[in-house]
Each structure stands twice: as C-alpha cells, then as structure tokens.
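Step one of this worksheet: look at the structure below.
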Amino acid sequence: MGTMKIVKPKISKSNMAKLDLSDVVDVATSTESSSTKSLVFDSGPIISLTTTNLLWILEELKTSFRGEFYIPSAVKEEIIDYPLTTKKFKLEALQVNREISKGTLKLVGSDIISKECKRLGNMANSIFKAKTRLIRIVHPAEMEVIAAALKLGSLAIVVDERTTRLLIEDSAKLQHMLEKKLKTKVEVDQKQLDLFLAEVRGIKVLRSIELAIIAFEKGLLDKYLINRPDAKKMLIESFLWSIKLHGCAISRRELDQIVKLEID
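This is the structure in structure tokens:
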C-alpha cells in the first residue's frame with residue numbers, strides 16, 4: 186500500500202510528528218486481505234468534499250488504500266435520493282451518484298444492519314438526559330454507518346459530525362458540550378454509555394479533513410499551487426478552511442496546528 190499520512194485530531198506541541206494512516210486504522214499491520222478492508226462513510230464527509238470540489242480525491246485515495254469505500258442506504262437517501270428531488274442540491278447528488286457508478290463508492294445494506302442501526306440508535310439516545318427528558322443525539326444515518334462498519338469489520342468510519350465522534354472518543358466532552366448548548370445540567374446514564382461503548386470499541390473515526398490532508402501529502406492537490414513563496418501554506422489553508430466552512434467539525438486552533446505541522 187502507498188504511504189498515506191494524516192494528522193490525528195488534538196495535535197499537541199510535544200507530538201507534532203507526521204503520522205501514517207496506519208497509526209489510525211492499523212492498515213499497515215492488518216492481517217485482513219484487501220478484499221475485506223474497508224471504510225464506511227457518513228453523509229457529512231461526502232457533502233463536505235463535494236461542495237468544496239474535492240470529491241474526486243476519493244478515487245485516488247481508494248487506489249492507495251486498496252480496499253472498499255462504502256455508504257449505507259440511509260446515507261444514500263440523504264446525499265442522492267432526496268437531493269435529486271430538489272433544485273438546490275441536485276448537481277451535488279449527480280456528482281456523488283457518478284462516484285457510485287464508477288465504483289469508487291459502494292452501497293451496503295441488509296436487514297441485519299438496519300436492525301443494528303435501530304438498536305444502537307435507541308441505546309445512544311438513552312444515554313443523556315436533561316430535566317428528566319432524554320436527549321436525542323444521533324440520527325439513523327450515523328448509526329447505520331456504525332452498524333455497517335461493525336458488520337463489515339471495517340477499519341474506520343468517516344464522520345464529520347462532532348456529536349457522533351465525541352460519543353465514541355470522548356463522552357465527557359460531549360456531556361460538557363450539551364450542557365453548554367442547552368444551558369442546563371445534563372445527566373449521564375453510565376450503564377447505557379458503557380453498553381454503547383462496548384459495542385463500538387475499536388472503531389476508529391476519520392473526518393473529511395484527514396482525507397484531504399492525505400491527498401495533500403500525496404501531491405494530489407499540487408495542481409492548485411501558484412507561483413509565490415507561500416504557495417504551500419496558501420493551498421493547505423484554502424482547503425482546510427473550505428472544508429471547515431462546509432460542515433466538518435474542526436476548531437480554528439486545530440486547523441492552525443495542522444497548517445504549522447504541514448509547512449514546517
């Protein structure tokens with residue numbers, strides 16, 4: 186497999202070394218055959234890449250990954266089926282549909298995945314409570330991504346939405362975020378949280394930001410470089426900010442750290 190580098194979330198000054206994709210999804214040491222290796226995408230990253238004119242990088246990244254890129258049926262409904270009925274997002278839906286026709290993205294779905302989606306969704310939406318009322322924190326498409334990844338044994342899921350990522354990686358931070366948003370105390374059902382985390386243990390989470398950085402480090406975006414001393418910095422800032430402004434959850438501090446890491 187070709188080297189695919191990314192920057193992990195939460196980069197610290199003491200850990201500014203560039204990391205290989207294998208550090209996140211254990212690709213390099215995986216014993217799985219390339220026919221079973223996969224990533225499962227949520228709607229957000231596909232939308233972010235499409236609206237920033239970067240959807241084309243997926244074909245190149247898939248070639249290097251030597252595995253499959255999947256989207257569940259609920260994601261297809263969000264990014265193709267419904268948008269095709271509108272005027273505003275029809276063009277974007279056609280672009281994504283072309284990637285399916287080319288085989289860059291493959292559809293995945295089954296009754297088992299649908300049942301797991303509902304079960305995981307009910308579990309996740311029973312974890313947090315405010316003023317005795319349960320807080321709905323996840324939606325079917327996100328849970329279908331997780332259910333599909335578990336069924337397929339995927340190496341990672343690709344999700345831009347902050348809530349789902351924090352639920353898997355940092356539930357305490359998610360609780361704090363909910364309290365800040367709702368301006369009230371949020372209680373945690375620890376039993377439900379532990380059950381959910383046991384289900385998703387081992388799932389790695391990537392964002393469209395990481396995929397774009399991989400593309401940048403592989404030279405796929407070099408065609409956008411212009412003739413000026415700070416061209417590299419301008420390029421990386423341009424696509425990071427564009428993806429951020431089109432929906433990927435990333436703080437300005439983290440964005441600035443990534444820029445510094447990449448141009449040093």
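Mapped onto our numbering, the consecutive letters of the sequence shown carry residue numbers 186 to 449.
Just so it is clear, CB atoms sit at the ideal spot from N, CA and C, and this is done for glycine as well.
Beta-carbon spacing of residue i, residue j below 7 Å
i	j	result
Glu244	Thr317	no
Thr236	His431	yes
Tyr255	Val293	yes
Asp227	Glu327	yes
Ile353	Ala332	no
Val330	Val444	no
Ser427	Leu234	no
Phe400	Ile242	One point to set straight first is that residue 400 is Ala, not Phe, in the sequence displayed. Yes, these two residues count as a Cβ contact at 7 Å.
Ile322	Ala334	no
Ser223	Gly252	yes
Ile264	Ile231	yes
CA-to-CA distance, residue j to residue i, given in whole angstroms
i	j	result
His324	Gly306	7 Å
Lys314	Gln375	11 Å
Glu262	Ser295	15 Å
Lys418	Met308	43 Å
Gly338	Lys389	11 Å
Leu240	Lys272	20 Å
Cys302	Leu340	18 Å
Ala259	Leu396	22 Å
Asp441	Ile398	13 Å
Lys366	Asn412	44 Å
Tyr267	Arg283	16 Å
Ser423	Lys403	17 Å
Lys358	Leu382	15 Å
Arg386	Thr348	17 Å
Proximal residues to residue i (C-beta, below 6 Å), its chain only, five neighbours per side dropped
i	result
Gly229	Asp345, Glu346 and Gly432
Glu455	Because the chain in this structure spans residues 186 to 449, residue 455 falls outside the shown range and cannot be described.
Arg350	Val344 and Val390
Three-way DSSP call (helix, strand, coil) for residue i in this model
i	result
Glu346	coil
Ile256	strand
Ser423	helix
Lys222	coil
Lys247	helix
Lys403	coil
Lys272	coil
Lys389	coil
Val444	helix
Val373	strand
Lys473	With the chain covering 186 to 449 only, the question about residue 473 has no answer from this structure.
Asp266	helix
Lys366	helix
Arg438	helix
Arg283	helix
Gly432	coil
Ile242	helix
Ile411	coil
Asp296	helix
Asp227	coil
Cβ shell of residue i (< 7 Å), same chain only, five flanking positions each side left out
i	result
Glu364	Lys370 and Val371
Ser311	Leu319, Asp374 and Gln377
Asp449	none
Leu405	Ile242 and Glu245
Beta strand (DSSP E) runs wholly inside the stretch 302-360, at least 3 long, in chain order: 313-315 and 341-343
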